[in-house]
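This report refers to the structure that appears directly beneath it.
Number of protein chains: 2
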Amino acid sequence: MSLPTKTQQWILNEKPYAEAVLEGENQTFKLVTTDIPALKDGEVLLKTVYLSNDPAQRGWISPYAIPGRLYMPPVEVGDVMKSMGIFRVVDSRSAAVEVGSLVNAVSGWTEYTVINAKDVVKITPQAGLPETHFLGALGLPGHTAYYGLTQIVKATSEDTVVVSGAAGAVGNIAIQIAKKMIGCKKVIGIAGTDEKCRWVEKLGADVCLNYKSASYKQDLEKETSDLVNVFFDNVAGEILDFMLTRMAKYGRVAACGAIANYNRDNDIIGIKNFYEVVYMRLQILGFINIDWFDHLPEVQALLADEWKKGKLVIGDENETVVDTSFKDIPRTWMLLFSGGNTGKLITKLQE
Amino acid sequence: MSLPTKTQQWILNEKPYAEAVLEGENQTFKLVTTDIPALKDGEVLLKTVYLSNDPAQRGWISPYAIPGRLYMPPVEVGDVMKSMGIFRVVDSRSAAVEVGSLVNAVSGWTEYTVINAKDVVKITPQAGLPETHFLGALGLPGHTAYYGLTQIVKATSEDTVVVSGAAGAVGNIAIQIAKKMIGCKKVIGIAGTDEKCRWVEKLGADVCLNYKSASYKQDLEKETSDLVNVFFDNVAGEILDFMLTRMAKYGRVAACGAIANYNRDNDIIGIKNFYEVVYMRLQILGFINIDWFDHLPEVQALLADEWKKGKLVIGDENETVVDTSFKDIPRTWMLLFSGGNTGKLITKLQE
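So the sequences go chain by chain: A and B. With the working numbering as the guide, the letters of the first sequence map in order to residues 15 to 365. With the working numbering as the guide, the letters of the second sequence map in order to residues 15 to 365.
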């Protein structure tokens, strides 16, 4: 097979103030073709197989992003849109990385990537589990859920736990860890469709409520009549605001994400019930999994073990893998913000 | 002296949705006269000398107050408006409490109170300090500032600290404890007039900024160019929202009060920069001093000691004592919300 010399890439064309724009003059991303540089010693050439779709990517392209106040440098206009993914090594000038192996890396919306071999992590799928799980339950989302529940809010079997974005990549694992590993007293999910809610209940939630339902607030009040000790929040915005009124004294909020804010820089719905934080002595604890990155292999092993024992559901149903042509990468990514995924949203690049 | 048989009282007439209303049909408080019951064994009769004015009282009369979600039961329509204060014992059927002594208690806007002797705390002013300090620096405000800084956010000499409401009852002591006792690297106050700011700087703040100044945000950005590790927040609202953008990674917010919200149940300005909590891994820690109440005597002794050494400023300038007729009690209380006080706002009841 002859090696490629050119690659298509999606670069950032304009930073979006609200929802990303797919087409037209103000389009957020632009498709370009560029030369692939020759490999230097220690470098490898990767072909993109799967792309990870993460709400956090919205923050990296915000016009308000301030370098140093993100956990990664922002993506600037003209840069390739940054993304995590799973890649096939197609050429290598490193003894440590063989051609043909699968690796995890931070790259971008590009067909081919030249990268230092030190910056890739070889992945070895468990028998019976597809490699895509290294972007989902056995990757950063699973690690985030475990880190947040066990290290940040230190959930115990005494706790009633609510998880927002419960059908999302992190949320569905958080629900399972809370119920099946920690054995929390009551585990309540919040998601955006009845179908997702039934799935979250199948995963182990005592109940899951659809925040788009007319009776959502009353239902949540009823289900939390004994109040909530731990809120694992992927969403922020109105869902967090209302949840503050349902927290028990000394309740802990694991502030994992704020997807409600990411596409609405100018009309964010603010947190109005802040006085609850004072009156009820709440702790709101922001965290990012990279601060506990060293523990990733041990968490992967632990979660895989729980899966083998039949405790955790890790499988196709935790993922929405969207078969995508290169030109449709932005479109698949935007499913994140319209609730188009159940579990982890993964782009599978068509050959 | 013959003992009184009747007392004037301010009772709650209507729960206010916005700012309390002093006069007219919808007035928040109503003046009544009622009989004083005869003392039973173990009870004492108190005459009100000073009333404590606290932003938290606004929460106790909110129509949205939910019993069990306040640290005190709310005040209901028809109840005497609740208040802490300093009282003179004018009659006693308890061997433990002598007629003529001064006591601290939770009572209300009333000339006379019948109360169980167990619920009063005798106060013994330090030589050189007026008894009013048991409502200010040596009372709950000083205790709150010390508790928040040393136990909740655990401020150290490595920290840059910002205090909002810096000229208030709690804020002015927090500034002093941070700078003079903990020795924090940089201490920045936020207050509502230039005059208050200059006073806060005299107390030890490296700088104090007037949030009503046109250049406030730019000034705060400049003064916090190295970012902020600890924010001791008495205010919430827009000041907290902006401060979230100035916090350093792993910064801690001591959420002590939310006075910006108390009079505006329906048009609260929400926290919009919540994503900063996630990205910067901030901790927002709500607290109420009563959870550490056991330590009050030891904190009083410690602060009095620092005053004796000349380190802490505790004196007339920490208090705004307003000579008030009984009928003007609500009017004096409302100075809290118009920035009418420097340090602790205390009502001195005219004889």
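Heads up, the beta-carbon is just placed ideally off N, CA and C, and yes, glycines get one too. Computed from a predicted structure; not experimentally measured.
Cα-Cα separation, Ser-8 of chain B to Leu-149 of chain B: Outside the displayed span of chain B (15 to 365) sits residue 8 of chain B, for which this structure offers no information.
Environment of Gly-99 of chain B [buried if 16+ CB atoms lie within 10 Å]: The residue you call residue 99 of chain B lines up with position 85 of the second sequence. Counting of Cβ neighbours within 10 angstroms places Gly-99 of chain B among the buried residues, the total reaching 16 or more.
Met-98 of chain B in three-state terms, based on DSSP: Walking along the second sequence from the start, residue 98 of chain B turns up at place 84. Met-98 of chain B: strand per DSSP, three-state reduction.
Bounding residues of the beta strand (DSSP E) (the contiguous stretch that carries Asn-243 of chain A): Stepping through the first sequence from its first residue, residue 243 of chain A is reached at position 229. Counting along the chain, the beta strand (DSSP E) containing Asn-243 of chain A begins and ends at 242 to 247.
Inter-stretch contact at 8 Å, needing at least 3 Cβ pairs: the segment 317 to 329 of chain A / the segment 184 to 200 of chain A: The answer is yes - the segment 184 to 200 of chain A touches the segment 317 to 329 of chain A, with three or more Cβ pairs under 8 Å.
C-beta neighbour in chain A for Ala-34 of chain B, strict 9 Å: Within the second sequence, numbered from 1, the residue matching residue 34 of chain B stands at position 20. Not one chain A Cβ lies under 9 Å of Ala-34 of chain B.
Boundaries of the alpha helix (DSSP H) in which Ala-159 of chain A is found, first to last residue: Stepping through the first sequence from its first residue, residue 159 of chain A is reached at position 145. Judged by DSSP secondary structure, Ala-159 of chain A falls within the alpha helix (DSSP H) whose first and last residues are 154 to 161.
Residues, ordered as in the chain, of the segment 285 to 300 of chain A that lie near chain B by beta-carbon distance below 8 Å: Within the segment 285 to 300 of chain A, the residues whose Cβ lies closer than 8 Å to any Cβ of chain B are, in chain order, Ile-285, Lys-286, Phe-288, Tyr-289, Glu-290, Val-291, Val-292, Tyr-293, Met-294, Arg-295, Leu-296, Gln-297, Ile-298, Leu-299, Gly-300.
9 Å Cβ cutoff, Gly-182 of chain A in contact with chain B: Reading the first sequence from its first residue, position 168 is the one you call residue 182 of chain A. Chain B, which has no Cβ nearer than 9 Å to the Cβ of Gly-182 of chain A, makes this no.
Nearest to Asp-220 of chain B (by Cα), restricted to the options B:Cys-211, B:Phe-288, B:Ala-228, B:Ser-227: Along the second sequence, read from residue 1 onward, the residue named residue 220 of chain B stands at position 206. Checking every option, the nearest Cα to that of Asp-220 of chain B belongs to B:Cys-211.
Below-9 Å beta-carbon distance, Cys-270 of chain A vs any chain B residue: The count along the first sequence starts at 1 and reaches residue 270 of chain A at position 256. Using a Cβ-Cβ cut-off of 9 Å, Cys-270 of chain A counts as an interface residue toward chain B, since at least one Cβ of chain B sits closer than that to its own.
Start and end residues, beta strand (DSSP E) containing Ile-129 of chain A: Residue 129 of chain A sits at position 115 when you count from the first residue of the first sequence. From DSSP, the beta strand (DSSP E) with Ile-129 of chain A extends over 126 to 130.
Nearest-angstrom beta carbon gap, Gln-71 of chain B and Leu-45 of chain B [assumed within contact, 8 Å]: Taking the first residue of the second sequence as 1, we reach residue 45 of chain B at position 31. Taking the first residue of the second sequence as 1, we reach residue 71 of chain B at position 57. Taking 8 Å as the upper bound for CB-CB distance, Leu-45 of chain B and Gln-71 of chain B are not in contact here, some 17 Å apart.
Bridge partners - Tyr-64 of chain B, DSSP secondary structure assignment: Stepping through the second sequence from its first residue, residue 64 of chain B is reached at position 50. Under DSSP, the beta-bridge partners assigned to Tyr-64 of chain B are B:Ile-100, B:Lys-362.
Cβ neighbour criterion (16 or more within 10 Å) applied to Asn-366 of chain A: Here chain A covers residues 15 to 365 and nothing more, so residue 366 of chain A does not appear.
Boundaries (first-last residue) of the beta strand (DSSP E) holding Lys-193 of chain A: Taking the first sequence and counting its residues from 1, the one referred to as residue 193 of chain A is at position 179. Secondary structure note for Lys-193 of chain A: it is in no beta strand (DSSP E), with a DSSP letter that is neither H nor E.
Whole-angstrom distance between Ile-25 of chain B and Gly-73 of chain B, CA atom to CA atom: Here residue 73 of chain B refers to the residue found at position 59 when the second sequence is read from its first residue. Here residue 25 of chain B refers to the residue found at position 11 when the second sequence is read from its first residue. One C-alpha to the other measures close to 16 Å.
Host beta strand (DSSP E) of Ile-204 of chain A (start-end): Position 190 of the first sequence holds residue 204 of chain A. Segment 200 to 205, the beta strand (DSSP E) holding Ile-204 of chain A.
Chain A contact residues for Leu-84 of chain B, given Cβ-Cβ distances below 8 Å: Here residue 84 of chain B refers to the residue found at position 70 of the second sequence. Here the neighbours are Tyr-293.
Proximity below 9 Å, CB of Leu-363 of chain B to CB of Thr-62 of chain B: Locating residue 363 of chain B in the second sequence gives position 349, where the first residue counts as 1. Locating residue 62 of chain B in the second sequence gives position 48, where the first residue counts as 1. Yes, the Cβ-Cβ distance between Leu-363 of chain B and Thr-62 of chain B is below 9 Å.
Bridge partner(s) assigned by DSSP for Phe-43 of chain A: Indexing the first sequence from 1 puts residue 43 of chain A at position 29. Looking at the DSSP assignment, Phe-43 of chain A forms a beta bridge with A:Leu-26.
Buried or exposed (CB count within 10 angstroms, at least 16 for buried), Leu-17 of chain B: Taking the first residue of the second sequence as position 1, residue 17 of chain B is located at position 3. So Leu-17 of chain B ends up on the exposed side.
Residue ranges of each beta strand (DSSP E) within the segment 249 to 303 of chain A, 3 or longer: As far as the segment 249 to 303 of chain A is concerned, its whole beta strand (DSSP E) runs of at least 3 residues are 261 to 269, 297 to 300.
Residue burial classification, Lys-358 of chain A (beta-carbon count within 10 angstroms, cutoff 16): Counting from one through the first sequence, the residue named residue 358 of chain A turns up at place 344. Its Cβ being crowded by 16 or more others within 10 Å, Lys-358 of chain A is buried.
contact_flag[the segment 256 to 270 of chain B, the segment 232 to 245 of chain B] where n(CB pairs < 8 Å) is 3 or more: With the rule of 3 Cβ pairs closer than 8 Å, the segment 256 to 270 of chain B counts as touching the segment 232 to 245 of chain B.
Where Gln-314 of chain B falls, given that 16 or more other Cβ within 10 Å makes a residue buried: As a position in the second sequence, residue 314 of chain B is number 300, starting the count at 1. It counts as buried.
Beta carbon proximity, Asp-305 of chain B to chain A, threshold 9 Å: Stepping through the second sequence from its first residue, residue 305 of chain B is reached at position 291. Under the Cβ criterion of 9 Å, Asp-305 of chain B is counted among the residues facing chain A.
Sufficient close CB pairs (3 or more, under 8 Å) joining the segment 300 to 314 of chain B to the segment 328 to 342 of chain B: Too few Cβ pairs lie closer than 8 Å, so no.
Val-333 of chain A, enclosing beta strand (DSSP E) - first and last residue: Your numbering for residue 333 of chain A matches position 319 in the first sequence. Reading off the sequence shown, one finds Glu at residue 333 of chain A, where the question assumed Val. Where Glu-333 of chain A is concerned, the enclosing beta strand (DSSP E) stretches over 333 to 338.
Contact residues within the segment 218 to 251 of chain A, judged by C-beta distance below 7 Å to chain B: From the segment 218 to 251 of chain A, only Ala-250 have a Cβ closer than 7 Å to chain B.
Inter-residue Cα distance where the pair is Val-327 of chain B and Ser-229 of chain B: As a position in the second sequence, residue 327 of chain B is number 313, starting the count at 1. As a position in the second sequence, residue 229 of chain B is number 215, starting the count at 1. Cα to Cα, the separation comes out at about 29 Å.
Chain B within 9 Å of Tyr-31 of chain A, Cβ atoms only: On the first sequence, position 17 is the one that residue 31 of chain A refers to. With 9 Å as the cut-off, Tyr-31 of chain A does not count as an interface residue toward chain B.
Nearest residue (CA-CA) to Thr-42 of chain B, options B:Lys-29, B:Leu-143, B:Asp-305: On the second sequence, residue 42 of chain B is found 28 positions in, with the first residue counted as 1. Of the listed residues, the one whose Cα sits closest to Thr-42 of chain B is B:Lys-29.
Proximity below 9 Å, CB of Val-335 of chain B to CB of Thr-146 of chain B: Stepping through the second sequence from its first residue, residue 335 of chain B is reached at position 321. Stepping through the second sequence from its first residue, residue 146 of chain B is reached at position 132. The answer is yes: Cβ separation under 9 Å.
Boundaries of the beta strand (DSSP E) in which Tyr-174 of chain B is found, first to last residue: Start at 1 with the first residue of the second sequence, and residue 174 of chain B comes out as number 160. A quick correction: the sequence has Thr, not Tyr, at residue 174 of chain B. Per DSSP, the unbroken beta strand (DSSP E) holding Thr-174 of chain B starts and ends at 174 to 178.
Tyr-276 of chain A versus Glu-125 of chain B - alpha carbon distance: As a first step, residue 276 of chain A must be located in the first sequence, where it is residue number 262. As a first step, residue 125 of chain B must be located in the second sequence, where it is residue number 111. Distance between the alpha carbons of Tyr-276 of chain A and Glu-125 of chain B is about 55 Å.
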